[in-house]
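Novice: Got a structure here, written out as structure tokens. Questions coming.
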């Protein structure tokens with residue numbers, strides 16, 4: 013039978029276990045590298061998108077003021093573009109996880125400390141989110157316009173490039189970087205901070221309950237703070253191509269976030285327009301934060317178990 017013991021004088025990342033022969037086995041739980049975190053991020057992001065794709069469609073439809081219940085419950089609509097969505101989210105979460113790990117390591121070296129302050133954790137996550145938007149922005153622009161027009165992703169990308177040039181794929185980047193920076197800080201930094209606070213101040217909570225509560229708090233905060241930027245990004249990206257043949261695309265007169273804000277204000281109550289589609293996105297971000305949190309912990313544990321180093325030392329039998 014195997015028994016686990018923590019070596020009092022060992023490194024905190026070392027776990028000791030005993031096997032049937034009475035030998036002490038030290039398991040070195042080394043910190044994962046940026047590349048390993050990136051691999052985990054790609055897998056976590058892909059699985060989350062496969063689960064939550066309808067919520068993304070509902071949010072986009074509401075933001076464009078074209079929501080229809082018949083379309084919302086029709087799988088051919090709410091799952092349209094799923095392969096592209098998964099193919100686009102995998103490198104994005106790969107970059108977010110990998111960049112967050114790399115920036116965290118760089119900040120530790122810069123500060124000369126083995127631990128990061130809470131502020132530095134948020135800074136690393138915000139920077140990672142902005143970096144991921146460099147890949148995410150073109151993918152989401154094609155995804156939004158493919159959903160609107162029903163064409164293939166390749167033909168959609170070609171139409172955008174033919175009308176606006178290669179930089180047309182980066183329409184709405186500043187808003188995308190803002191959104192991703194806030195979102196990454198909410199699930200990478202604020203969520204674990206909230207969970208630690210809950211476990212410290214409410215020890216009666218189970219780990220699952222603490223994870224659920226922290227996901228709800230950090231997901232709501234991230235959604236509320238980033239949604240106006242998300243709405244402006246969607247408006248700018250959806251305007252890259254004309255909705256009807258013969259019409260000029262919105263990009264011809266709505267060129268940036270300020271122009272998009274003015275256009276929303278002309279259409280009605282600005283705050284209400286900025287938070288169009290908030291409910292499905294709030295639902296998705298809370299679920300997303302919970303999925304990311306639980307799956308990341310489990311995958312990191314599995315990764316460590318698959319790459320542990322064992323050393324054998326005789327252990328006297330009782």
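Numbering (my numbering), first residue to last: 13 to 330. Backbone N, C-alpha and C define an ideal beta-carbon position, used for all residues, glycine too.
#1: Since residue 251 and residue 262 are thought to touch, with beta carbons under 8 Å apart, how far apart are those beta carbons, to the nearest angstrom?
#2: Entirely within the segment 151-218 and at least 4 residues each: give me those alpha helix (DSSP H) ranges in chain order.
#3: Are the segment 54-72 and the segment 85-104 touching by the rule of at least three beta carbon pairs closer than 8 Å?
#4: Kindly indicate which three-state DSSP category residue 45 falls into: helix, strand or coil?
#5: Can you have a look at residue 154 and say buried or exposed, based on whether 16 or more other CB atoms are within 10 angstroms of its CB?
#6: Please name the residue in 211, 152 and 198 whose C-alpha comes closest to that of residue 184.
#7: Are the beta-carbon atoms of residue 57 and residue 102 separated by less than 9 Å?
#8: Per the contact definition of three or more C-beta pairs closer than 8 Å, is the segment 183-199 in contact with the segment 296-303?
#9: Leaving out five residues before and five after residue 297 in sequence, what residues of the same chain have Cβ atoms less than 6 Å from its Cβ?
#10: When you compare only the Cα positions, how much space is there between residue 94 and residue 292?
#11: Considering Cα atoms alone, identify which of 288, 106, 111 and 99 is closest to residue 165.
#12: Does residue 82 pass the burial test, meaning 16 or more other C-beta atoms within 10 Å, or should it be called exposed?
#13: With a cut-off of 9 Å, does the C-beta of residue 174 fall near any C-beta of chain B?
#14: Decide if the segment 125-134 is in contact with the segment 220-230; the criterion is three or more beta carbon pairs, one per stretch, under 8 Å apart.
#15: Could you name each continuous alpha helix (DSSP H) segment of 4 residues or more that falls completely within the segment 57-121, going from the start of the chain to the end?
#16: By the three-class DSSP mapping on this structure, what secondary structure does residue 265 have?
#17: Taking the C-alpha atoms as reference points, what is the distance between residue 315 and residue 47?
#18: Helix or strand or just coil, what does DSSP make of residue 126?
#19: Is the CB-CB distance between residue 171 and residue 159 below 9 Å?
#20: So the alpha helix (DSSP H) residue 318 belongs to, where does it begin and stop?
#21: Could you check what DSSP says for residue 279 in three-state terms: helix, strand or coil?
#22: Evaluate residue 181 with the Cβ neighbour count: other Cβ atoms within 10 Å of its Cβ, from every protein chain shown; 16 or more gives buried, anything less gives exposed.
#23: Would residue 168 and residue 161 qualify as a contact pair, given that the criterion is a beta-carbon distance under 9 Å?
#24: If we count the other Cβ atoms within 10 Å of its Cβ and call it buried at 16 or more, is residue 313 buried or exposed?
#25: Alpha carbon to alpha carbon, how far is residue 76 from residue 142?
#26: Here's the rule: buried if 16 or more other CB atoms are within 10 angstroms of the residue's CB, otherwise exposed. What is residue 34?
#27: If you draw a straight line from the alpha carbon of residue 278 to that of residue 74, how long is it in whole angstroms?
#28: Tell whether a beta-carbon distance below 9 Å holds between residue 132 and residue 144.
Specialist: Straight from the coordinates:
#1: Their Cβ separation, rounded to whole angstroms, is 3 Å, which keeps residue 251 and residue 262 in contact under 8 Å.
#2: 165-176, 185-196 and 203-213
#3: yes
#4: coil
#5: buried
#6: 152
#7: yes
#8: yes
#9: 231, 234 and 235
#10: 17 Å
#11: Nearest of 288, 106, 111 and 99 to residue 165, Cα basis: 99.
#12: exposed
#13: No chain B is present in this structure, which holds just one protein chain.
#14: no
#15: 81-84 and 87-90
#16: coil
#17: 12 Å
#18: In the three-state DSSP reduction, residue 126 falls in the coil class, being neither helix nor strand.
#19: no
#20: 290-318
#21: helix
#22: buried
#23: yes
#24: exposed
#25: Annotation: residue 76 to residue 142 spans about 24 Å, alpha carbon to alpha carbon.
#26: Only weak support is given to the placement of residue 34: the predicted model assigns it a pLDDT of 41, under 50, and the value that follows is read from those uncertain coordinates. Answer is exposed; the Cβ neighbour count stays below 16.
#27: 17 Å
#28: no
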